[in-house]
Amino acid sequence: MEAMISQMEMMFQKTESNLDYIQHKLEFEMKKSLPKISSGKKNPVRPLKESSVLKSQYKALCAQWKWSKRMREQARSGAVSSD
Numbered sequence: 003m004e005a006m007i008s009q010m011e012m013m014f015q016k017t018e019s020n021l022d023y024i025q026h027k028l029e030f031e032m033k034k035s036l037p038k039i040s041s042g043k044k045n046p047v048r049p050l051k052e053s054s055v056l057k058s059q060y061k062a063l064c065a066q067w068k069w070s071k072r073m074r075e076q077a078r079s080g081a082v083s084s085d
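If you read the sequence shown in the working numbering, its first letter stands for residue 3, the second for the next number, and so on.
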């Protein structure tokens, strides 16, 4: 069980790292190609705003998962100490 929890934590950390990379890559690509974009056709900031929303939703999910993990650990330690 503990190994599975550690694996889940590593997956969450990797996902957060991937989201950071994607955001930085989008910012770089936008800065590089911004002069090439014709005015009025596409909004280059939209993907960045969407990535920020996704990242904040992901962080909220991580916080909920950590809270759930703490509650499970407290319940488990309470069950062990009552035996």
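Where is the CB? At the ideal position from N, CA and C, for every residue including glycine.
Check, Outcome
"If we ignore side chains and look at the alpha-carbon of each, how far apart do Ala62 and Glu18 end up?", "12 Å"
"Would you say the segment 66–83 touches the segment 15–29, given that touching needs at least three Cβ pairs under 8 Å?", "no"
"Taking only the alpha-carbon atoms, compute the straight-line gap between Lys34 and Gln15 and give it to the nearest angstrom.", "29 Å"
"In whole angstroms, what is the alpha-carbon distance linking Tyr23 and Gly80?", "40 Å"
"Which same chain residues end up closer than 7 Å to Lys71 when comparing Cβ atoms and leaving out the 5 residues on each side of it in sequence?", "Ile7"
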